[in-house]
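Q: Sharing a structure with you now.
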Amino acid sequence: MRLMARVTDRLLNRLVPAATALAVPCVASPRICSACSGGLIKCCVYYDGTGDCPPPSCYYIRCR
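Just so you know, we're using the numbering used here here: the sequence shown kicks off at 213 and counts up by one.
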């Protein structure tokens, strides 16, 4: 599972410059993830301080 996280982080790091242009008010942050809701956990790559981050600055992970 950690290997997948590392691979995901590397892919996200490559996308950061593109995401930065779209998420100007957001700052780079460690992953901030929500609780499991409806089978998905929402994780923020960029965070604007309000507790929310719109796509493409977030991604979802399946959960139970």
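For each residue, glycine too, the CB sits at the ideal point set by N, CA and C.
Just mark Pro268 as buried or exposed, buried being the case when its beta carbon has 16 or more other beta carbons within 10 Å.
A: Counted from its first residue, the sequence shown places residue 268 at position 56. With fewer than 16 other Cβ atoms within 10 Å, it is exposed.
Q: In angstroms with no decimal places, state the Cα-to-Cα distance between Cys248 and Cys275.
A: What you label residue 248 is simply residue 36 of the sequence shown in a count that begins at 1. What you label residue 275 is simply residue 63 of the sequence shown in a count that begins at 1. Straight-line Cα distance between these residues: approximately 6 Å.
Q: Note the first and the last residue of the continuous beta strand (DSSP E) segment covering Cys270.
A: The residue you call residue 270 lines up with position 58 of the sequence shown. Cys270 -> beta strand (DSSP E) spans Cys270 to Arg274.
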